[in-house]
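Those letters in the sequence shown? Residues 15 to 149, per the numbering used here, in order.
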Amino acid sequence: MQELDKKDYTQNILLALTLAEQDYIGCRRFKKLIDTFNTPENIINAPEEELKKIDDINFKIIYKIRKIKISDKIKKIYEDCQNKKYIILYYGQKNYPELLAELYAPPMILYSTADFNSADKNAIAVVGSRFATQY
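#1: In its own chain, which residues sit with a C-beta less than 7 angstroms from the C-beta of K83, not counting the 5 before and 5 after it?
#2: Taking just the CA atoms, how far does F73 sit from I123?
#3: Helix, strand or coil for I117? Go by DSSP, reduced to three states.
#4: Using C-beta distances below 7 angstroms, list every residue in its chain close to A119, excluding the 5 sequence neighbours before and after it, in chain order.
#5: Express the C-alpha separation of I58 and S85 in angstroms, rounding to a whole number.
#6: Looking only at C-alpha atoms, which of K67, L33, E62 sits nearest to P54?
#7: Provide the residue(s) that pair with I101 in DSSP beta bridges, ordered along the chain.
#8: For F145, count neighbouring Cβ atoms within 10 angstroms of its own Cβ and tell me buried if that reaches 16, exposed if not.
#9: Please confirm whether L65 and I48 have their CB atoms less than 8 angstroms apart.
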């Protein structure tokens with residue numbers, strides 16, 4: 015994956031968080047989109063003809079992708095993570111764990127208190143629920 019400057023990095027994290035919040039995306043679709051377009055920003059800016067080429071992406075989903083806006087709620091999540099020094103990774107980023115990325119439907123977003131590195135290749139982690147409630 016290409017190196018992104020700070021502004022592009024932040025924008026892509028915000029868009030990844032926004033995409034992950036959409037009920038019509040899901041882990042498998044997110045993986046397909048990132049595998050094709052590399053970054054969340056490229057997904058949002060992709061031509062309709064290119065989006066149509068992706069299996070399981072129909073006109074309704076394309077329309078919804080076009081309407082995506084980064085909400086204040088997403089900005090707050092990002093800001094809170096920054097303040098607490100949490101790392102946010104989305105599937106497809108350079109530091110996303112290699113073995114986790116090989117899953118059929120890897121988690122779209124990972125939150126961590128430390129960087130993932132190659133020495134962690136065989137590490138074990140405790141992971142929270144993908145479908146956690148506000149409670």
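Note that CB positions come from ideal geometry on N, CA and C, so glycine has one too.
Reading from the atomic positions:
#1: If you number the sequence shown from 1, residue 83 lands on position 69. Correct list: empty, nothing qualifies.
#2: Translated into positions along the sequence shown, residue 123 becomes position 109. Translated into positions along the sequence shown, residue 73 becomes position 59. Using only the alpha carbons, I get a separation of about 25 angstroms.
#3: The residue labelled residue 117 in the question sits at position 103 within the sequence shown. This sequence places Leu at residue 117; Ile is not what is there. Coil at L117, not helix or strand.
#4: Mapped onto the sequence shown, residue 119 falls at position 105. Correct list, in chain order: C41, R42, K45.
#5: The residue given as residue 85 occupies position 71 in the sequence shown. The residue given as residue 58 occupies position 44 in the sequence shown. About 15 angstroms.
#6: Stepping through the sequence shown from its first residue, residue 54 is reached at position 40. Out of K67, L33, E62, L33 has the C-alpha closest to the C-alpha of P54.
#7: Indexing the sequence shown from 1 puts residue 101 at position 87. The partner list for I101 (beta bridge, DSSP) reads S126.
#8: Residue numbering aside, residue 145 sits at position 131 when the sequence shown is read from its first letter. Exposed.
#9: Residue mapping note: residue 65 aligns to position 51 of the sequence shown, counting from 1. Residue mapping note: residue 48 aligns to position 34 of the sequence shown, counting from 1. 8 angstroms or more divides the Cβ of L65 from the Cβ of I48.
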